[in-house]
Structure formats: structure tokens, C-alpha cells
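Heads up, the thing below is written out as C-alpha cells.
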Amino acid sequence: MWVEIVLLFVLVLVYAVLRDRRPRTLPPGPVEIPFFGRLPILDEESAERLRKKYGDIVSYRTGPIRTVFLFDYDTAKEAMAKVEFSNRPDFFSSFSVDDQKIGGVLSSNGVHWQHDRRFVLRNLRNLGMGKSYLEEAINTEAMALVEDLKKSGGEAINFPDSFRTVALNIIWQMVASTRYDLRSSEVETIYRLTKGFQDDFSAIAFLPFFFPALNRLPVPIRNLILGEDKFGQLLEEMKKVINDVVDKHLEDYDPDNPRDLIDEYIKDMKDSEGDNNSLFRKGALNQIVNDLFFAGSDTVNQMLKWMAFLLARYPEYATRMQQQIDAVVPRDRMVSLDDKPNLPLVEAFTVEALRYSSMVILNVERTATRDTNFKGYLIPKGTTVQVCNYSVHYDPRYWDDPHKFYPERFLDESETKYTAPKKGLFAFGSGRRQCVGELLARMELFLFTAALIQHFDVRPPHGVDITKTAIVNLGGIRAPADDKLIYQPRN
């Protein structure tokens, strides 16, 4: 009797293990532990090891979630253009502040995503994105940043919160007609919680997304082991900030004088009252505002850290760019977009920083909406598809000496003209979900970087070897460690 029971158990276990194996139609990948898979890939070193061992298309599993990683630019570009790979995975709803968990630009899918993305693109363009008159607002913030950094008096300081606030102010004026003081206490809590979550980041914190059963653990254990309370506090604080700003707009709304993106949304929401098929909802508006808050502030903030670090790390480029700016721009005015053709090294420096930093290590996940044939493989419905930006940006097939910071790769032979890369740059994604704020981000990076170069010599403290500054992983964001730098005003 016992022999039969044991034999039956073994047979069931073997059957379960066989069913749990990677389908033969999927790309190659590492051996998977039955029912578990492997720890999630969230850093560039682990991703590069996969690419070197298994090639440009690799399958990988953590818990029940199977991922196909793409490491080659041409392959990634083709995949990101496919309608079948246009959705976000289901677990993205965990990050939503929409009460129905279906609205917004970043995490939504289907008709909701198409509706909200079209609304955001149309209104950001109407409000100035990509247009020259927006540069006045950017340079107002750039000048405020210059004045804020001067307050350090030439003393060594950590990366300031003002890096993030100047970026937030640009998008927030378009979204909510609000400009924060660069040392504002109103957003300090969000900055502190975001930094705490990023500083304590580890792959373990993401395990509940792959193993939902972990959510059944007692709350104190989840907080202790997974750091769940930090993410929860950040989400609740964001809900409060967004609810306050949206409710204030609803209270002050004047249909004849819409001021910003929120007012435009409220107008459409009120115009569609009574329409049961309308996708204009307060919850969706909240998520749109949340998406723009983080996309418009945290990413530019991290890139400004890279710009400051690279200026300090490569002072020879800083000197050459200062000479180029001084020859074109009077010292009593800020650099403008009209100056860009005459500042090819400055533009090349910012684009090379996007490549070299590979700030977003892994592009935001997509998921297959149906079984899809791709590059000779059958990608099952529900499989996550993800591009490794770092591998694309450091691929020697597209970049000579990719580990070298070399802005000249974007200049012509005479170094008098900037030449945009045709392949190999994936900083803003590609295809149907390419970053909606790319034009704005490029404007900001150029003008903010030019302001730093024009007004400061950025240096490490005396005796500090900045070549040893660590590059850290902040929740999937690659950034230089927050070591102190000196922002010495130029004479």
C-alpha cells in the first residue's frame, strides 16, 4: 500500500516537473529550478552574463513569470513595434493610483492606454512640448538651479534635491500650473520616500510580484524582509499629493479658462458626463498625473546626476565645452536652443551621457497579448518581453570601444557638426510605447547641462579620486553614487 502511494507521489511530481519545463519553442536560457525558476534579473552584470552565454534572445523564468530578454538593437526595435508586444504585464496594476487600476499612460493597456496616451500627447504638445517657447520656462528653472548651487559657496555637496525639483517644475507647470520652490517642503516627503526605497533596493523586494503567495505572509514579516512598508508609504503619499491637486482643480475649474493638462482633462470629463462609454474618469486622471510626476522628475533628476558626475570625471570635455559656449553665448544670457547648431560638443556630450549611463538598465516590460511567432520562436501569450538597454548601449556591433566615454563619436571629422546616431540608442524606448516626453527630456537635458557648464567648474573634492566612484543600482536605475562634488562658480 505504502509503496503504491510513494510511487504515485513520485509520478505526480515527475509529471509536474515535466510540465513546468521551459517550452521547446522558447529561446534558450539557463536551467530553471522547478516551480521557482531563478531570481529576477535587475542589474546589468547579470543581464550581460545571460547575453554572453545564450545570445541576443534569451528566455528566463522567475516563479510563474516567463521573460524573453532582448539584447540586440535591431531585434529589440522589431519586437517593440509589434502590436502583439504592446501591453504591460498584469502586475503593473500594483503601482496604480487609479481606483479601477486601468487608467494612465505607463501601466494601462488596450483602449484605455490608447485613449490616455493620445490625450497626454495632444495636450503636452499644445502646452509647448517640443516647441521653442517652452525653453523660456526651462531656462527660468536652469537659472534657479544655478542660483541654488551657488548657495553651496564652493563647498563640496551631495547631489541636491534641486536637480529633481527643476525637472518637476517644468512638467508640473504644464500639468498643474504649479511651480515649487527648489527647496520646497511640499515635495520633500516624496523625495525622501523615493530615495529610501531606491537606497534599500534589492531583488528580494520584487519577489511578491513573481510569487503572489508571499503576500499572505504576516505584514511585519513582509515589511522586515521585503521592505513592503517603504513602497506602501511612497504610494500613499503620492495618492495624497495627487488627490489634493486634482481636487483643487475641480474646485477652481473655469470651463472658459483651462490652465493646464488637468483642466483640459476635467473639461473633457465634464463634457462626457452621462456617456457610459466615456473613458474620462477621475481615477484615470490621477494615474496620468502620477505617471507624469515621476517620468518628468525622477528620470531627469538621475540624468542630471550623471551630467554633474561626468563633468567632474572628464574636466577636459568641460573646458572644451566652456570655450565653445563662451565663443557663441554672451556670459549675461543663458544658452538657447537656437545656439545648439553652434554647440555640437555640448549636444554630443548629452547624447553620449544617455548612452554611457544606460540609466534605465532594462526597458519597461511588455507582455505578449497572444501566442506570437518571433525570430523563429513561439512566444506564448502572457510572456514578458524586455529589452536590456545597457546591452544595446554597450554592444560593440554598434559602438566602437563602448566602455569609453567618447562624445566625439557623435561629431563629424572636423568636430564642428553633431551627427545623430542611426542605431544602437534605446534610451527612450521604441515602437508603440516610446517615451511620450522624449522631446521635452532632450530639451531639458541640453539646456540644464549647458547651464551647469556655462556657470560652474564641477570638480571632486581635493584628493578624491572620482574614477573610483561606484555606479549603483537604485531600483533598476543606474546612477553614480551620491558622493560630494564642488560646484565652483566661474569667474
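First residue of the sequence shown? That's 2 in our numbering, and the numbers climb one at a time after it.
The C-beta atom is built at its ideal place from N, Cα and C for all residues, glycine as well.
From a predicted model like this one, the values you see are computed outputs, not experimental measurements.
> For I66, which beta-bridge partners are listed by DSSP?
Replying inline: In the DSSP assignment, the residues bridged to I66 are T63.
> Going by DSSP, which residues form a beta bridge with R398?
Replying inline: DSSP lists no partner for R398.
> For the candidate residues I172, Y181 and V176, whose alpha-carbon lies nearest to that of S163?
Replying inline: In this structure, Y181 is the residue among I172, Y181 and V176 with its C-alpha nearest to the C-alpha of S163.
> For R367, does the count of other Cβ atoms within 10 angstroms reach 16, so buried, or fall short, so exposed?
Replying inline: By the C-beta density criterion, R367 is buried, having at least 16 other C-beta atoms within 10 angstroms.
> Which of helix, strand or coil does DSSP assign to P24?
Replying inline: Looking at P24 - three-state DSSP - the assignment turns out to be coil, as it is neither helix nor strand.
> Which same chain residues, not among the five before or five after V473, have their C-beta less than 8 Å away from its C-beta?
Replying inline: Once the five neighbours on either side are set aside, the close Cβ partners of V473 are R479, A480, P481 and A482.
> Among L236, I58 and G383, which one has its Cα closest to the Cα of Y192?
Replying inline: It is L236.
>> Check whether the stretch 294-301 and the stretch 440-453 are in contact - that is, three or more C-beta pairs closer than 8 Å.
In response: Contact between the stretch 294-301 and the stretch 440-453 is present, because at least three Cβ pairs lie under 8 Å.
> Can you name, in chain order, every residue of its own chain whose Cβ lies under 6 Å from the Cβ of L355, other than the five neighbours on each side?
Replying inline: Cβ neighbours of L355 beyond the five flanking positions: A428.
> D91 to V386, Cα distance in whole Å?
Replying inline: Their Cα atoms are separated by approximately 13 Å.
>> Quick check on the DSSP output: the beta strand (DSSP E) that includes T417 runs from which residue to which?
In response: That residue, T417, is in no beta strand (DSSP E); it is neither H nor E in DSSP.
>> Using the Cβ count rule (16 or more neighbours within 10 Å means buried), how would you classify I103?
In response: When all chains shown are included, I103 counts as buried.
>> My assumption, with CB atoms under 8 Å, is that V437 sits in contact with A77. Please give the rounded CB distance.
In response: Here V437 is actually not in contact with A77; their C-beta atoms are around 19 Å apart, not less than 8 Å.
> Comparing the C-beta of E189 with each C-beta of chain D, is any distance below 8 Å?
Replying inline: Within the model displayed, chain D is absent; a lone protein chain is all it includes.
>> Output needed for F93: all residues of its chain with C-beta closer than 7 Å, excluding positions within five of it in sequence on either side, in chain order.
In response: If you ignore the 5 residues before and after F93, its C-beta comes within less than 7 Å of the C-beta of S108, all in its own chain and listed in chain order.
> Among all the DSSP beta bridges, which residues are the ones paired with C389?
Replying inline: According to DSSP, which records beta bridges pairwise, C389 is partnered with L363.
>> Give me, in chain order, the residues of the same chain whose beta-carbon lies closer than 7 Å to that of V11; leave out the 5 immediate sequence neighbours on both sides.
In response: Its pLDDT being 46, under 50, V11 is placed unreliably in this model, and the value from its coordinates should be taken loosely. Correct list: empty, nothing qualifies.
>> Rounded to whole angstroms, what is the Cα-Cα separation between K241 and E187?
In response: The alpha-carbon atoms of K241 and E187 are separated by roughly 11 Å.
>> Quick test of your reading: W400 and S358, contact by CB under 8 Å. State the CB separation rounded to the nearest angstrom.
In response: The C-beta distance from W400 to S358 rounds to 14 Å, too long to meet the 8 Å contact threshold.
>> Please return the same chain residues whose Cβ sits closer than 7 Å to the Cβ of Y318, not counting the five positions on each side in sequence.
In response: Closer than 7 Å at the Cβ level, and outside the excluded window around Y318, lie F350 and P408.
>> Give me, in chain order, the residues of the same chain whose beta-carbon lies closer than 6 Å to that of T370; leave out the 5 immediate sequence neighbours on both sides.
In response: Sequence-distant partners of T370 (beyond 5 residues in either direction) whose C-beta falls short of 6 Å from its own C-beta, in its chain, are E85 and N88.
>> By the DSSP assignment, the alpha helix (DSSP H) with D299 in it spans what residues?
In response: Bounds of the alpha helix (DSSP H) holding D299 are K283 to R314.
>> Between the alpha carbons of K59 and P31, how many angstroms are there, rounded?
In response: The amino acid at residue 59 is misidentified as Lys; the sequence shows Val. Straight through space, the alpha carbons of P31 and V59 are spaced by roughly 9 Å.
>> Could you give the first and the last residue of the continuous alpha helix (DSSP H) run that contains P345?
In response: Going by DSSP, P345 is part of the alpha helix (DSSP H) stretching over P345 to S358.
> Since A480 is in the beta strand (DSSP E), which residue starts that stretch and which ends it?
Replying inline: Where A480 is concerned, the enclosing beta strand (DSSP E) starts and stops at I478 to P481.
> Per DSSP, D327 forms a beta bridge with which residues?
Replying inline: Under DSSP, D327 forms no beta bridge with any residue.
>> Looking at the secondary structure, which residues open and close the alpha helix (DSSP H) in which R123 lies?
In response: Start and end: G111 to N127.
>> Is the separation between the beta-carbon of I326 and that of V347 shorter than 8 Å?
In response: Taking C-beta atoms as the reference points, I326 and V347 count as a pair closer than 8 Å.
>> Tell me which residue opens and which closes the alpha helix (DSSP H) that D269 is part of.
In response: Segment L262 to D272, the alpha helix (DSSP H) holding D269.
>> Can you tell me whether D149 is buried or exposed? The criterion is at least 16 other CB atoms within 10 Å of its CB, across all chains shown.
In response: With 16 or more other Cβ atoms within 10 Å, it is buried.
>> Measuring straight from C-alpha to C-alpha, what distance separates Y395 and H404?
In response: Cα to Cα, Y395 sits roughly 7 Å from H404.
> From what residue to what residue does the beta strand (DSSP E) around N374 run?
Replying inline: Run containing N374: T373 to F375, per the beta strand (DSSP E) assignment.
> Residues in its own chain within less than 7 Å of T26 by CB, not counting five upstream and five downstream?
Replying inline: Only Y378 and L379 meet the Cβ criterion.
>> What residue range does the beta strand (DSSP E) around R39 cover?
In response: Neither: R39 is in no beta strand (DSSP E) and is coded neither H nor E.
>> Given this structure, state the Cα-to-Cα distance separating L448 from E265, to the nearest angstrom.
In response: In a straight line, the C-alpha of L448 is about 28 Å away from that of E265.
> What separation, rounded to the nearest whole angstrom, lies between the Cα atoms of Y55 and Q115?
Replying inline: For Y55 and Q115, the distance between alpha carbons rounds to 35 Å.
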